[in-house]
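Novice: Input: one structure, supplied below.
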Amino acid sequence: MDASTSKVLLTGPTGFIGGRLLYALDEAGHEVRCLVRLSEELVIKRPLERDPEVVYADLLEPDTLPQAMEGMDAAYYLVHSMGGRSIAETKAFAERDRKCAQNFLKAADDAGMQRIIYLGGLGETGDKLSKHLASRQEVADILQSGRLKTTALRAAVIIGAGGASFELTRYLVERLPVMMCPRWINTRSQPIDVSDVISYLVGCLHEPATAGLTFDIGGPDIISYREMMTLYARVRGLHRFIFTVPVLTPRLSAYWINLMTPVPAGIVFPLVEGLKNEVICRENRIRDFLPIDLTTMQDAICTALAETEKGPGQLPSRQACFLH
Ligand SMILES: NC(=O)c1ccc[n+]([C@@H]2O[C@H](COP(=O)([O-])OP(=O)(O)OC[C@H]3O[C@@H](n4cnc5c(N)ncnc54)[C@H](OP(=O)(O)O)[C@@H]3O)[C@@H](O)[C@H]2O)c1
Numbered sequence: 005m006d007a008s009t010s011k012v013l014l015t016g017p018t019g020f021i022g023g024r025l026l027y028a029l030d031e032a033g034h035e036v037r038c039l040v041r042l043s044e045e046l047v048i049k050r051p052l053e054r055d056p057e058v059v060y061a062d063l064l065e066p067d068t069l070p071q072a073m074e075g076m077d078a079a080y081y082l083v084h085s086m087g088g089r090s091i092a093e094t095k096a097f098a099e100r101d102r103k104c105a106q107n108f109l110k111a112a113d114d115a116g117m118q119r120i121i122y123l124g125g126l127g128e129t130g131d132k133l134s135k136h137l138a139s140r141q142e143v144a145d146i147l148q149s150g151r152l153k154t155t156a157l158r159a160a161v162i163i164g165a166g167g168a169s170f171e172l173t174r175y176l177v178e179r180l181p182v183m184m185c186p187r188w189i190n191t192r193s194q195p196i197d198v199s200d201v202i203s204y205l206v207g208c209l210h211e212p213a214t215a216g217l218t219f220d221i222g223g224p225d226i227i228s229y230r231e232m233m234t235l236y237a238r239v240r241g242l243h244r245f246i247f248t249v250p251v252l253t254p255r256l257s258a259y260w261i262n263l264m265t266p267v268p269a270g271i272v273f274p275l276v277e278g279l280k281n282e283v284i285c286r287e288n289r290i291r292d293f294l295p296i297d298l299t300t301m302q303d304a305i306c307t308a309l310a311e312t313e314k315g316p317g318q319l320p321s322r323q324a325c326f327l328h
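By this note's numbering, the letter at position 6 of the sequence shown is numbered 10, and the numbering carries on one by one without gaps.
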């Protein structure tokens with residue numbers, strides 16, 4: 005397979021990452037087929053070089069998958085089930101994600117696909133991982149258990165307009181001059197700018213030596229959630245007072261965050277539970293294959309804010325609805 009001309013199946017094209025990757029793959033000259041859930045519509049917000057093919061399929065409906073896979077060389081797996089459309093769906097996100105990954109791998113294997121590239125989450129298994137981070141790792145394990153080669157990228161918070169974690173930070177700092185926070189705000193993380201994530205995702209497709217490997221990806225700054233909120237406030241010229249309160253449980257803070265932000269409860273609860281886990285790269289092997297210039301956290305916040313100002317209509321993903 006010539007990686008630079010391969011035909012690519014893109015899952016999650018209505019999402020935060022997939023919506024941006026579509027443009028990058030188009031710019032890189034790929035023929036892209038977008039897998040869109042049966043009930044959704046793909047809205048293209050900026051002109052593309054080539055109109056992508058759109059197939060309607062649902063990873064939970066195995067019968068819909070063979071037509072999506074047919075003739076494709078590689079696939080991006082950018083799907084998760086948090087924030088379900090009902091309480092039952094929301095509670096069962098890990099089970100749904102397990103089924104999605106199993107169905108996808110089987111269909112890709114059957115179709116003779118050569119590569120999958122998956123973007124999941126950082127976090128160590130021995131570290132009392134949250135349900136969300138453990139589920140992201142389980143999906144990586146499933147996708148890497150097949151005959152074809154799956155590259156798994158592991159990221160912490162991704163900074164970009166419309167991204168769930170960034171929007172949580174933005175709303176909290178914008179709306180609350182004084183914040184009473186639980187101890188987890190001192191947990192350290194290694195955020196990464198969304199454009200760097202997109203460069204790694206495209207780069208992995210173009211670099212065959214990355215096939216089948218797992219890479220931690222992170223930006224140049226390792227900072228606590230408290231420092232992240234303080235940096236955001238500084239960039240915006242806001243004065244904010246952040247105190248830690250020992251009695252605030254993750255569940256209680258999730259209720260509070262849910263009240264203060266438009267991000268759906270089905271996403272807030274699993275994300276907040278995961279904030280107790282330190283998410284820092286264990287290794288930087290990806291830099292040997294793809295030595296891109298990484299964006300500082302401050303520049304990433306500035307870019308995300310500039311994009312936010314353009315309004316939801318200009319953002320590539322459905323998650324732009326988080327912007328009011
Ligand atoms: N955002 C971050 O800060 C971050 C950080 C680290 C890792 N990641 C990883 O990046 C990947 C993409 O995340 P994201 O932030 O782009 O998520 P997102 O914006 O919520 O998008 C999720 C996508 O999955 C699709 N989907 C869900 N269930 C599906 C199903 N059964 N069949 C087909 N499509 C389905 C959704 O389609 P609908 O539009 O139909 O719902 C949507 O396009 C995930 O693996 C996530 O763990 C994200």
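Here a beta-carbon is modelled for each residue, glycine too, at the ideal position from N, C-alpha and C.
Keep in mind the model is a prediction, meaning the values are calculated, not measured.
In angstroms, rounded to a whole number, what distance separates the CA positions of G16 and A308?
Specialist: 20 Å
Novice: What residue from E142, V36, G22 and G223 has the CA that sits closest to I284's CA?
Specialist: G223
Novice: Note the first and the last residue of the continuous alpha helix (DSSP H) segment covering E35.
Specialist: No alpha helix (DSSP H) holds E35; the beta strand (DSSP E) holding it covers E35 to V40.
Novice: State the start and end residues of the unbroken alpha helix (DSSP H) segment that holds R102.
Specialist: F97 to D114
Novice: Whose C-beta lies closer than 7 Å to the C-beta of V58 among residues of the same chain, with five residues either side of it excluded?
Specialist: Taken in chain order, the residues that qualify are C38, V40 and L46.
Novice: If distances are taken between C-alpha atoms only, which option among P181, L157 and G75 comes closest to R140?
Specialist: L157
Novice: In chain order, what are the residue ranges of uninterrupted beta strand (DSSP E) at least 3 long that sit wholly in the stretch 126-161?
Specialist: 153-159
Novice: Per the DSSP calculation, T15 is bridged to which residue(s)?
Specialist: L39
Novice: Which of the three DSSP states is assigned to I284 in this structure?
Specialist: Here I284 carries a coil assignment [DSSP, helix/strand/coil].
Novice: With DSSP as the reference, label R244 as helix, strand or coil.
Specialist: coil
Novice: Compute the Euclidean distance between the alpha carbons of A258 and Y204, then round it to the nearest angstrom.
Specialist: 31 Å
Novice: Counting beta carbon pairs with one atom in the stretch 244-253 and one in the stretch 98-107, are three or more of them shorter than 8 Å?
Specialist: Counting C-beta pairs with one atom in each stretch, the stretch 98-107 and the stretch 244-253 have fewer than three that are closer than 8 Å, which means they do not touch.
Novice: Using a Cβ-based criterion (distance less than 8 Å to any ligand heavy atom), does R122 qualify as near ligand 1?
Specialist: It is worth fixing the name first, because residue 122 is Tyr in this sequence and not Arg. Yes - ligand 1 has a heavy atom lying nearer than 8 Å to the Cβ of Y122.
Novice: Verify the contact flag: E99, CB atom, against every heavy atom of ligand 1, threshold strictly below 8 Å.
Specialist: no
Novice: Less than 9 Å between the C-beta atoms of Y60 and L42, yes or no?
Specialist: yes
Novice: In three-state DSSP terms, what is E65?
Specialist: coil
Novice: Run the proximity test for T173: is its beta-carbon closer than 8 Å to any non-hydrogen atom belonging to ligand 1?
Specialist: no
Novice: Pull the bridge partners of C185 from the DSSP assignment, please.
Specialist: Per the DSSP secondary-structure output, C185 pairs in a beta bridge with T248.
Novice: Give the single residue among L137, V198 and G167 whose Cα lies nearest to the Cα of P274.
Specialist: L137
Novice: Compute the distance between the beta-carbons of L217 and R291, then report whether it is under 9 Å.
Specialist: no
Novice: What span of residues does the beta strand (DSSP E) with A215 cover, start to end?
Specialist: For A215, there is no enclosing beta strand (DSSP E), as DSSP marks it with neither H nor E.
Novice: Measure the alpha-carbon distance for D77 versus G270 and round it to whole angstroms.
Specialist: 34 Å
Novice: How long is the line joining the alpha carbons of D62 and L26, rounded to whole angstroms?
Specialist: D62 and L26: Cα-Cα distance of roughly 19 Å.
Novice: Give me the Cβ distance between L235 and M184, rounded to the nearest whole Å; I'm assuming they're in contact under 8 Å.
Specialist: No, L235 and M184 are not in contact; Cβ-Cβ is about 20 Å, not under 8 Å.
Novice: Please report the straight-line C-alpha distance between T214 and C208, rounded to a whole angstrom.
Specialist: 6 Å
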